[in-house]
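Right, one structure below, let's go through it.
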Amino acid sequence: MTRHEQQSRLSNVARVDSFSRDTREFVEASMRGDGCLVRVTHASVGSTDIMARRGDYLLHPFPGFVSGYDFIGIVEFIDRPAQSLGLSVGDRVAGVLPGMGAHATRLRVPSSLLVPVPDGLASEDAATLPLDGVTARHALDLLKPSPRALFINGVSGAVGLLAAQLAALDGVRVSGTASPASAALAMQYGAATFDYGDTQWPRQLLDQVGKVDGVIDHTGSRTLNSVVKRNGRIVRTAFGGPVGHQKAATAAGFAKTLVQRFAQPSEVVCSTPMYVAMKRRSYRRDLTKVLELADSGRLKPLDPVVYDVSHYREALDAAGQPASGKKVVLTFGE
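Shown next as structure tokens:
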């Protein structure tokens, strides 16, 4: 075997060997599986990565995984189905991995997880969109028929800002909770805001807007049931919980939501990893649409805060204290 062939099977990965801050940042590992070979140029860092790396994420309860859900990269080798999907060697692509693993220099990825990135969209901007954009689009679709009035609990967050824009494009009236510091930003994205720190915000919402048809929530709050119409729906994208107890909060919230699936208002879980794993065609459609909207200027991506991979620890720290409207993005070099 030649040295080139050996290198093509290796990748430097941010493997979580233990739930300790002192775990090594990147290690060399052999790539497994089939699919396209993608050289990663950019990958986002988000709250799920922070939770997973400290052992507080339900989908990764044990160490031994590589963090990172989404990425931008260059195709270096294609699998057999790639051509039927319009993919070629040299293409710039975006993708979401249902089991994490994107914090790596190279990936083996099934072509069904990849979509082309429009030529006019910068890679660092595109890198802010796959996971959060697909989550926002899927959450809105779970509310169909499309609501006339939507409330987003945490509208100034990454998913919230993208969902607010996508909903506005559908002609939906959007409101949501935000901090006083981030309210102005949310309003720029077309959302009326209520101070999440004010315990009276549900009453204020009912007085000013009335009961809404749908809610997108990332906290698991039961308060939201009081602001939704009887035939409306709450979509839960996450369940909050204090640091060190988020895994338990997710498990409890998921169970409660399942019980409420046929209640009035009904509740449903929006799990992007499950969606990507089980509904590849719909996921690819959603990601393609989000990237095209950003390329056309109809959807504003989050502002990337770019860190070279050599500053991975600093990127994790920044992602742990995210600024509204911004997304931490790793760069591995074009």
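In full-length UniProt numbering, the protein residues as written are 1 to 334.
Here a beta-carbon is modelled for each residue, glycine too, at the ideal position from N, C-alpha and C.
Asked, Found
"Local Cβ density within 10 Å of Glu124, reported as buried at 16 or more and exposed below that", "buried"
"Test item: CB-CB of Val13 and Val66 under 8 Å", "yes"
"DSSP-derived helix/strand/coil call for Gly132", "Here the sequence assigns Asp to residue 132, which means Gly is not the residue at that position. DSSP places Asp132 in helix when its eight states are reduced to three."
"Among Ala277, Asp70, Ala249, Tyr196, nearest to Ala126 - alpha-carbon criterion", "Asp70"
"Length of the line joining the Cα atoms of Asp195 and Val227", "15 Å"
"Same chain, Cβ closer than 8 Å to Val89, neighbours up to 5 away in sequence not counted", "Val75, Glu76, Phe77, Ile78"
"Under the three-state DSSP convention, the category Asp308 falls into", "strand"
"Cα-Cα separation, Gln321 to Ser20", "19 Å"
"Alpha carbon of Val255 to alpha carbon of Gly333, nearest angstrom", "What sits at residue 255 in the sequence shown is Ala, not Val. Straight-line Cα distance between these residues: approximately 42 Å."
"Distance, Gly325 Cα to Val305 Cα", "10 Å"
"Rounded C-alpha distance that separates Ala191 from Ala158", "14 Å"
"C-alpha gap between Gly232 and Leu169, whole angstroms", "20 Å"
"Beta-carbon proximity list for Ser18, same chain, < 8 Å, skipping 5 on both sides", "Pro63"
"Contacts around Trp201, its chain only, beta-carbon distance under 7 Å, and the 5 residues preceding and following it disregarded", "Thr177, Phe194, Asp195"
"Three-state secondary structure assigned by DSSP to Arg222", "helix"
"Distance between beta carbons of Val290 and Gly133, contact taken as under 8 Å", "4 Å"
"From Val96, Asp207, Tyr312, residue whose alpha carbon lies closest to that of Val27", "Tyr312"
"Host beta strand (DSSP E) of Arg233 (start-end)", "228–236"
"Runs of alpha helix (DSSP H) wholly within the stretch 282–332 (minimum 4 residues, chain order)", "312–320"
"Under 8 Å between C-beta atoms of Ser11 and Thr105", "yes"
"CA-to-CA distance, Val38 to Ser84, given in whole angstroms", "18 Å"
"Residues that Glu28 bridges to, as DSSP identifies them", "Asn12"
"Under the three-state DSSP convention, the category Pro116 falls into", "strand"
"Cβ neighbour criterion (16 or more within 10 Å) applied to Arg284", "buried"
"Rounded C-alpha distance that separates Leu87 from Gly95", "13 Å"
"Proximity of Val93 and Arg53 at Cβ, strictly below 8 Å", "no"
"Proximal residues to Asp317 (C-beta, below 6 Å), its chain only, five neighbours per side dropped", "none"
"Selected residue, minimal CA-CA separation from Arg298, among Leu162, Val117, Pro147, Pro61", "Leu162"
"Where His42 sits in the DSSP three-state scheme", "strand"
"Rounded distance between the beta-carbons of Gly68 and Asp49, thought under 8 Å", "6 Å"
"7 Å CB neighbourhood of Cys270 in its chain, flanking five on each side removed", "Thr135, His138, Ala139, Leu142, Val235, Arg236, Thr237"
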